[in-house]
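Residue numbers (this note's numbering), protein chains in the order written: chain A, 127 to 788; chain B, 127 to 788. C-beta: ideal position from N, C-alpha, C; glycine also. Notes to accompany the following structure.
2 protein chains.
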Amino acid sequence: MEIIDVFPLLSGIVALISASLLAYYVKKKPAGTEKMKEISSYIYKGALTFLNEEYKIISVFVIVVAVLLLILSRFTDIPWQTSIAFLVGALFSALAGNIGMRIATTANARAAEASKEGIQKGLTIAFSSGAVMGLSVVGLGIVGLSIFYLIYGIDSANILFGFGFGASSIALFARVGGGIYTKSADVGADLVGKVEAGIPEDDPRNPAVIADNVGDNVGDVAGMGADLFESYVDSIISGMSLGIILSFSYGHVYPLLIAALGIVSSIAAMIFVKAKNPYTALRNGLFGSAIIFAILSALLTYWLLKDMSPYYAILAGLVDGIIIGLSTEYFTSHQRRPARIIAEASQTGAATNILEGMSVGMFSTLIPIISTAVAMVIAYEFANFYGVALAAVGMLSTLGMSLATDCYGPVADNAAGISEMADLGEEIRRRTEELDAVGNTTAAMGKGFAIGSAAITALALIFTFVSKVNQLNLRADIALTNPYLVAGLFIGAMLPFIFSALTLGAVGRTAERMVNEVRRQFRELKILEGKGKPDYESCIRIATRGALREMVLPSLLAVIVPVIVGIWRIEALIGLLAGATATGFLLAIFLANAGGAWDNAKKYIEEGHLGGKGSDAHKAAVIGDTVGDPCKDTSGPSLNILIKLMSIVSLVFLPLFASLHL
Amino acid sequence: MEIIDVFPLLSGIVALISASLLAYYVKKKPAGTEKMKEISSYIYKGALTFLNEEYKIISVFVIVVAVLLLILSRFTDIPWQTSIAFLVGALFSALAGNIGMRIATTANARAAEASKEGIQKGLTIAFSSGAVMGLSVVGLGIVGLSIFYLIYGIDSANILFGFGFGASSIALFARVGGGIYTKSADVGADLVGKVEAGIPEDDPRNPAVIADNVGDNVGDVAGMGADLFESYVDSIISGMSLGIILSFSYGHVYPLLIAALGIVSSIAAMIFVKAKNPYTALRNGLFGSAIIFAILSALLTYWLLKDMSPYYAILAGLVDGIIIGLSTEYFTSHQRRPARIIAEASQTGAATNILEGMSVGMFSTLIPIISTAVAMVIAYEFANFYGVALAAVGMLSTLGMSLATDCYGPVADNAAGISEMADLGEEIRRRTEELDAVGNTTAAMGKGFAIGSAAITALALIFTFVSKVNQLNLRADIALTNPYLVAGLFIGAMLPFIFSALTLGAVGRTAERMVNEVRRQFRELKILEGKGKPDYESCIRIATRGALREMVLPSLLAVIVPVIVGIWRIEALIGLLAGATATGFLLAIFLANAGGAWDNAKKYIEEGHLGGKGSDAHKAAVIGDTVGDPCKDTSGPSLNILIKLMSIVSLVFLPLFASLHL
């Protein structure tokens, strides 16, 4: 064993230690008044209740799959350690989500309290808690991968597909279940509270308000974290695997080393997260980490390989990620043309608002798709399929930093909510809202980044799958003239539509139950008349139960369909994966950006343009925003998981397919 | 020359003679009161104005392309006759559209007048005028193809790609331009008339009402006709071409013969279009023609080939078409669950209405995609790629009948409009509205059918393209592992999104101009106060100009992109075509069915459910309907053309690509 073999593990340990120190720093801070503590503890408990309930269902699924893998390992070439890796992957992903949720729901009141001393203090708390999540994800990810690598060496590549599958499973439930939870709470709270009763957002009299705040954490912290944990480990695993299959020099460990440098760069760049303007601070952190990483990985590549080709593939991915982030920012920001066009279309009513939003969302696919196609071709030219995997690793390398800025968002959002609910006064509210506004921008960029990384990771996994198929001499005819492959392509392309139909419908159904409950409480408890107190917990229960019930069908679909198709025909499965990745990518961008743009068109009007709050244009824009909510926070993000999960499931079960088709 | 070589031409001539007789029959009927004649002549003139303006722009495009093809034929292996075939294809398609528009706008008042004697009389007029269109399309289509076939024999297959390209060009402008026209007029008329001024639909005081009625003809007659003319000839051309390349017995003429039998079956089945209930009458015609065709083509196949394999491929396509039609009917009908769920969701507002509609539309992709994938695989198993082309021919064989039922719709719609505008009284209005309601159902089924036939035709064209590439020994690596092909696939999959973004945006912009003009007329001319008369022509001008201006960019995109990509790399082009076909198919179904379901959810409420007209649920449903309008009538149908056009363009320019890549 060389020192470089241990370096990834060390970097992971450093990440986890840094996360602990930051968590300690955040927890030490004062949590404010009793009222603030009370609200924060409601959110904290609500979040943990949901997580615990969710884990119960997931553990059934995880245990069944683990046993199944163990049984299959007796009859096929699936290594028995796959089952163990699957369990560890699921456990680590759940652990990262749990840590992130705990710190985020701990930090919200503290960020609001710190804002009393100034906006920068608030920023520091919120960002630090985001960094705890970011570093936990990359730390646990690389530690998990390294342990298997150190024990099994080159053989670990095959075993680790199980690790990726475990991570995917958690991500699936977190994104789908979390997405349904957050948006049914949000839509329910808004439709009755804001629209019907006319009380402001985050008004403590609204019984769904705590569920809504819990939802922000469930969706944007635990969901986003699990999503990117999956992309992160999957990209590294496909890189290791392809490096070995295609016999690249140091191919088995180079992707791990690159990821380790990314961790170092992320930690180092955290000192840049300081500026008068919170947006500038976060942007400095993001670009700082990318630049440090680009330099360090160039040096490592030159020192280790003497051949810079793989490095250019990494760079292609890194640049692609930045382009996608900027494109997302352009298409969703309330300071840019697209959101303003939607705002203007609101003047002729909700219908034109919706149509313009759909048009913007569809058009916004242009740059990410072309950029990713170009990055893929460049990466391939430099290092074949291995290059495509490295592009994914490169894009995700500085995840410690980018996830920190993502998870900053919901903390700032909650902080603003607490300021409102605990009556901290106009000035504090303004400060936390400014933090929140920046959070919305970084969240939109984060979403684009999550989609892009999912797409390129899925591509890397597909190429890994095809390479393994060739290695096994399965002789599948994967020409685009094979009608089975084309049939698979069509059905694969359809799956994201079906998946989105299910998740959109799920939000609708759960939100309807929430609406009825909130209406009931207003009516029976006479809350608005100042007589009764809202029953937060029954709303939390509705969101929790709805999310858990509704997440099962789409989740099982995502796991079972590729297995069935693979048992039928390998070519059809390859077509299926390619089709699903293409439309999954497109539909995810469309839904996320249309949703973001609708949201910010409304914000633009609320700033006082086109008649401002209460105008007809505003009412139309509120409808657009409500349509956009589940698009951008439930259906869109769930597609990220769908495309990665189906590919990793195919890889895990490939030995089974091989035993049937050889 | 054998007798079977002449039979297709003869069947085409019979179709054209039948169309002439039916047209004479319709024209002979009385057109009603002076008022009715006046309104009808407004619509007639408005429609022809638009067509003439459109033809001016199209002729520039057609002449430029024809000259370009002639020049290219000097330097590449593109036969010089391609240019001639291109001109004839464009001319015949335009002619069919022109005939259809003239008869439809002639028949509308006559159908209203005939309804005075009974609903069945009205049905006969409206259906007969639809049959004129249907028979003109198939008659001109097969006559055009036959002439080239009789002159050039087997060589005609290559030349006829030009014919298909010509037909595609007209279809492109007709669908895109016509779609923008019809929906900007419709949305404009509704937003100001129905929503703002509170006057009923088709109220003659609304200045946009004539433009709206013209639009129905422009979109649903000329647009639909050109779309299906293209599918019809393209499927036959690809069948002839693949039959020759793959050396099937009688492969060069069998597709033409099958099409000829379809014409005979369509004409024969027209006697079945009689029943108390208009819906039953039309359905009898559709199923009758399919059954006659199935029998006749079985006999022909047995007599001519002694091998039934190609017949099963045809049958697969025929059944696929029926399944798609029925699935569309289910997902859009106001008597079925999906539309009702949307109606119920309207009770919690426009946002939930929109979300539920999106969910229904996305889910409705399931059956058409799986059915088409299965049909393709079956057809391939029986007769290779040739089978796929035959499946398309089979699906489109009875187009004479199915297009007759499609074009019946706008005539009935106009008849209902004229009854309202000319004050024909409650009873006549009720009868024409019943005819219109049936027309809505057949129109929805027709849309599904048009999409399905476009998808399978595009597939047949892609397989033709790949077969030609192999024949030319271009040795393109079309494995799904070729990153250039995957890049092409991604970019191709993106094009329908961009195309839809442009067309949705175009409707929005033109509708906005229309809204402002109608508001201006109401204000300045004091129409609602009974003082001034509406200026219909200025609204017609706005719709015409808007449509013509906005159709150019998306149209050029569809033609130029495949040529550029083909010049770059053949593999990328093949990926592009496959990706565009997959998402084009999906997005077209999503947009068409969501739009149809929104429309009928509104109708369901208007029937008196959930509070009926004027309720909050109804207001929400009107918003959904307005969103759905351009989805189902502009963007969705335009995608049919996009996917076919890009494939036929690729086939026409293949010799150019070959000369660059060999």
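Of all the residues that make up the segment 465-482 of chain B, which are near chain A by a beta-carbon distance shorter than 8 Å?
So the list reads ALA471, THR474, GLY475, ALA476, ALA477, THR478, ILE480, LEU481, GLU482, given in the order they occur along the chain.
Only counting runs of 4 or more residues, tell me where the alpha helix (DSSP H) segments fall wholly within the segment 402-446 of chain B, in order along the chain.
Taking only runs of at least 4 residues, the alpha helix (DSSP H) segments lying wholly in the segment 402-446 of chain B are 404-431.
B:LEU382 and B:SER453 - do their beta-carbons sit closer together than 8 Å?
No, they are not a contact pair.
So, helix, strand or coil for A:ALA157, using DSSP?
Reduced to three states, the DSSP call for A:ALA157 is coil.
So B:TYR275 is in the alpha helix (DSSP H); what residue range does that whole segment cover?
Counting along the chain, the alpha helix (DSSP H) containing B:TYR275 begins and ends at 245-278.
Among residues of its own chain, excluding the 5 on either side of B:VAL537, which ones have a beta-carbon nearer than 7 Å to its beta-carbon?
Cβ neighbours of B:VAL537 beyond the five flanking positions: ALA230, ALA233, ASN234, ALA237, ALA252, SER255, GLY256.
At a cut of 8 Å, does the segment 660-669 of chain A reach the segment 574-591 of chain A through at least three beta carbon pairs?
Judged by Cβ distances under 8 Å, the segment 660-669 of chain A makes no contact with the segment 574-591 of chain A, as fewer than three pairs qualify.
Interface residues of chain B around A:PHE589 at Cβ under 8 Å?
The contacting residues are THR607.
Under the rule that 16 or more other beta-carbon atoms within 10 Å means buried, what is A:TRP724, buried or exposed?
When all chains shown are included, A:TRP724 counts as buried.
Using a Cβ-Cβ cutoff of 9 Å, what residues of the segment 346-374 of chain A are near chain B? List them in chain order.
Flagged: no residues at all.
On the DSSP letters alone, give me the boundaries of the alpha helix (DSSP H) that A:ASN608 sits inside.
First-last for A:ASN608: undefined, no H or E at that position.
Could you tell me which whole alpha helix (DSSP H) segments of length 4 or greater appear in the segment 713-776 of chain A?
Complete alpha helix (DSSP H) runs here, min 4: 742-756.
Give, in chain order, every residue of the segment 675-697 of chain A whose Cβ lies closer than 8 Å to some Cβ of chain B.
Answer set for the segment 675-697 of chain A: empty.
Using a Cβ-Cβ cut-off of less than 8 Å, list which residues of the segment 299-320 of chain B approach chain A; keep chain order.
Residues VAL313, LEU317.
So, using beta-carbon positions, are B:LEU408 and B:THR568 closer together than 8 Å?
Yes.
Report the option in A:VAL269, A:VAL775, A:LEU699, A:VAL633 whose CA atom is closest to the CA atom of A:ASP755.
Per the Cα distances, A:VAL633.
What residues in its chain sit with their C-beta under 8 Å from that of B:PHE623, if we drop five residues either side in the sequence?
So the qualifying residues of the chain are THR709, LEU713.
Quick one, which residues of the segment 222-233 of chain B are near chain A if we go by CB-CB under 9 Å, in chain order?
Those residues of the segment 222-233 of chain B that come within reach of chain A (Cβ to Cβ, closer than 9 Å) do not exist; the list is empty.
Can you tell me whether B:LYS657 is buried or exposed? The criterion is at least 16 other CB atoms within 10 Å of its CB, across all chains shown.
The residue in question, B:LYS657, is exposed, as its Cβ has fewer than 16 Cβ neighbours within 10 Å.
If you compare alpha carbons, which of A:GLU243, A:ILE169, A:TYR278, A:LYS154 is closest to A:TRP206?
Among A:GLU243, A:ILE169, A:TYR278, A:LYS154, the Cα nearest to that of A:TRP206 belongs to A:TYR278.
Taking all protein chains shown into account, do 16 or more other C-beta atoms lie within 10 angstroms of the C-beta of B:GLU98, making it buried, or fewer, making it exposed?
Any property of residue 98 of chain B remains undetermined from this structure, which presents chain B solely from 127 to 788.
For B:ILE554, tell me which candidate among B:GLU239, B:SER199, B:LEU261 has the shortest Cα-Cα distance.
Out of B:GLU239, B:SER199, B:LEU261, B:GLU239 has the C-alpha closest to the C-alpha of B:ILE554.
Output needed in chain order: residues of the segment 432-466 of chain A with a Cβ under 8 Å from some Cβ in chain B.
Listed in sequence order: no entries.
Taking C-beta pairs closer than 7 Å, name the residues in chain B that A:GLY520 reaches, listed in chain order.
The premise fails here: A:GLY520 is roughly 16 Å from chain B at the closest Cβ pair, so nothing lies under 7 Å.
For A:TYR150, does the count of other Cβ atoms within 10 angstroms reach 16, so buried, or fall short, so exposed?
The residue in question, A:TYR150, is exposed, as its Cβ has fewer than 16 Cβ neighbours within 10 Å.
When you compare each of A:ILE336, A:LYS309, A:ARG331 to A:ASP346 by their alpha carbons, which one comes out closest?
Cα-wise, what sits closest to A:ASP346 is A:LYS309.
In chain A, which residues lie less than 8 Å from B:ALA141 when you measure between Cβ atoms?
Those within 8 Å of B:ALA141 in chain A number zero; the least Cβ separation is about 33 Å.
Rank A:GLY701, A:ALA297, A:ARG228, A:VAL753 by C-alpha distance to the C-alpha of A:ASN726 and give the top, closest one.
Answer by Cα proximity: A:VAL753.
State the DSSP-derived secondary structure class of A:ASN460, mapped to helix, strand or coil.
The identity of residue 460 of chain A in the sequence shown is His, whereas the question assumes Asn. In the structure shown, A:HIS460 sits in coil (DSSP, three-state: anything other than H, G, I, E or B).
Grouping DSSP H, G and I as helix and E and B as strand, with all else coil, what is B:ILE384?
The answer is helix: DSSP assigns B:ILE384 an H, G or I state.
What residues from chain A crowd round B:GLY634, counting only those whose CB sits closer than 8 Å?
Those are ALA471, THR478, LEU481, GLU482, SER485, listed as they occur along chain A.
Our contact map puts B:ILE493 next to B:GLU482 with C-beta atoms below 8 Å; I'd like the distance itself, whole angstroms only.
So it is not a contact: roughly 19 Å between Cβ atoms.
Could you tell me the boundaries of the alpha helix (DSSP H) in which A:THR478 lies?
It spans 476-489 - the alpha helix (DSSP H) in which A:THR478 sits, taken as one unbroken run.
Where does A:VAL641 sit, in a helix, a strand or coil, going by DSSP?
Helix, per DSSP.
What's the gap between the Cα of A:SER741 and the Cα of A:ALA477?
Computed Cα separation, rounded: 16 Å.
Is the beta carbon of B:ALA586 less than 8 Å from the beta carbon of B:ALA518?
In this structure, B:ALA518 lies closer than 8 Å to B:ALA586 by Cβ.
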